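This report refers to the structure that appears directly beneath it.
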Amino acid sequence: DGDGGDGDGGNGGNGAHVAGAGAAAGAGPGTNAFGCARGARRCGGPKLAARFVTDVSIYDGTEMTPGTKFTKIWRLKNVGPVAWPPNARLLFVAGDQMDADAAVVVSQQPVANGEEVDVAVDMIAPGEPG
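Okay, so the sequence shown: first residue is 609 according to the numbering used here, each after it adds one.
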């Protein structure tokens, strides 16, 4: 866990976490959105949680020519006890990164508990099929 995030990309063994966006109103320098030390493994603040809902584009098993640029879109649901703060990020944690950014903003607005949001990530198909 980083920044209090939790979740699963739900896709082909690739994993991701939703994390607070960094210092927010009331949080001091070097802290995350909940006032916890940046990079802390555990924090007493609320825990962000996400659940994979569905692939919106590029379904699992889609075959592409190696090196093809594409935009993968996942629908995620906030299943945690609190809203995700503005600019919360989806963090890459495992699997084939496919030249994607390590962190992508989920929404510039808060995402309430129970709300679903589509998250788009630009990627490039691996050089080798598989």
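In this text, a Cβ means the ideal position worked out from N, Cα and C, and glycines have one as well.
These figures come from a predicted structure and were not determined experimentally.
Anticipated Cβ contact below 8 Å, residue i with residue j, distance rounded
{"i": "L684", "j": "F700", "result": "Not confirmed; about 14 Å, so no contact."}
{"i": "V719", "j": "I681", "result": "About 16 Å separates the two Cβ atoms, so there is no contact after all."}
{"i": "D730", "j": "A708", "result": "7 Å"}
Extent of the continuous beta strand (DSSP E) to which residue i belongs
{"i": "I666", "result": "Taken as a continuous stretch (DSSP letters only), I666 belongs to no beta strand (DSSP E), as it is neither H nor E."}
{"i": "T679", "result": "K677 to N686"}
{"i": "M672", "result": "From DSSP, M672 is part of no beta strand (DSSP E); its letter is neither H nor E."}
{"i": "E724", "result": "E724 to I732"}
{"i": "L698", "result": "A696 to A702"}
{"i": "A711", "result": "A711 to S715"}
Contact under 8 Å by Cβ, residue i with residue j
{"i": "T676", "j": "S665", "result": "no"}
Proximity winner among the options, relative to residue i (alpha-carbon distances)
{"i": "A711", "options": "E724, A696 and Q717", "result": "A696"}
{"i": "A657", "options": "G735, A733 and E724", "result": "E724"}
{"i": "Q716", "options": "E736, L698, D663 and K655", "result": "L698"}
{"i": "A733", "options": "Q705, V714, N721 and N686", "result": "Q705"}
{"i": "V714", "options": "T662, N686 and K655", "result": "N686"}
{"i": "P654", "options": "D663, E736, G735 and N721", "result": "N721"}
At least 3 beta-carbon pairs within less than 8 Å: the region 670–679 vs the region 687–696: no
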